[in-house]
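Student:
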Amino acid sequence: MPKPKSNGGKSEPQLVHQDFAFADDRELDRRIAEFREAHARDHGQRLAMHARRELGRGKVRVTFRVVEAPAGKR
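The numbering of the sequence shown is the working numbering, which starts it at 1097 and goes up by one.
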């Protein structure tokens, strides 16, 4: 049986997925910013974009990873 690959002792990132509908890039940017702000307010976690997948015209699924807040910014 193959040995699992080591990730250098790092834990797997905590991921958050969210689907967005939008008319143009400006609207998508606004919706992503609003989602990140609401998530930080509601959960006390900062999000960084991890991946983006197109779901069709005007739809996208964005995967965010939870990141540590810089020291003194909590």
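Backbone N, C-alpha and C fix where the C-beta goes; we use that ideal spot for every residue, glycine too.
#1: State the Cα-Cα distance for the pair V1162 and D1138, rounded to the nearest angstrom.
#2: Give the DSSP-derived three-state secondary structure of D1115 in the structure shown.
#3: Which of the three DSSP states is assigned to R1153 in this structure?
#4: Can you grab the Cα-Cα spacing for the pair E1130 / R1153, in whole Å?
#5: Within 10 angstroms of the Cβ of R1173, are there 16 or more other Cβ atoms? Answer buried if so, exposed if not.
Tutor: Let me lay it out:
#1: For this step, residue 1162 is matched to residue 66 along the sequence shown. For this step, residue 1138 is matched to residue 42 along the sequence shown. Their backbone Cα atoms lie some 13 Å apart in a straight line.
#2: Mapped onto the sequence shown, residue 1115 falls at position 19. D1115: strand per DSSP, three-state reduction.
#3: Your numbering for residue 1153 matches position 57 in the sequence shown. R1153: coil per DSSP, three-state reduction.
#4: Sequence index remark: in the sequence shown, residue 1130 carries index 34 (1-based). Sequence index remark: in the sequence shown, residue 1153 carries index 57 (1-based). R1153 has its alpha-carbon roughly 21 Å from the corresponding atom of E1130.
#5: A query on residue 1173 cannot be resolved here, the shown segment of the chain reaching from 1097 to 1170 and no further.
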